[in-house]
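Peer 1:
Residue numbers (this note's numbering): 1116 to 1221.
1. Pop quiz: residue 1192 and residue 1140 are said to be a contact at Cβ under 8 Å. What is the actual Cβ separation, rounded to whole angstroms?
2. Considering only C-alpha positions, which residue in the set 1128, 1138, 1126 and 1143 is nearest to residue 1190?
3. Quick one: what does DSSP say residue 1154 is sitting in, helix, strand or coil?
4. Three or more C-beta pairs under 8 Å: does that hold for the region 1156–1166 against the region 1121–1128?
5. Are residue 1207 and residue 1148 close, meaning C-beta to C-beta below 8 Å?
Okay, structure coming up:
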């Protein structure tokens, strides 16, 4: 499954009410490091599709959820399990490091 786009309006249903873990990538179009990790997240969304949903939230188009969560720098990855933040990673990392971190948290 490819990454999904999530909005302030759909956050409750798509992330918090999900029956499996959801990794949310808070990003913006102008963010170079965000663009660097995007292909790795797409690949991981396919490789780990049975374990986790990977979602992207554009912080410029959706300000409510990032504001409530105190997102101050991007990329900012938050893994939600059972509707609660379970792990987080700030900044960009190579695909191997992202996968290792994510699998360790699942």
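Built from N, CA and C at the ideal position, the CB exists for glycine as well.
Peer 2: Judging by the given coordinates:
1. 6 Å
2. 1143
3. helix
4. no
5. yes
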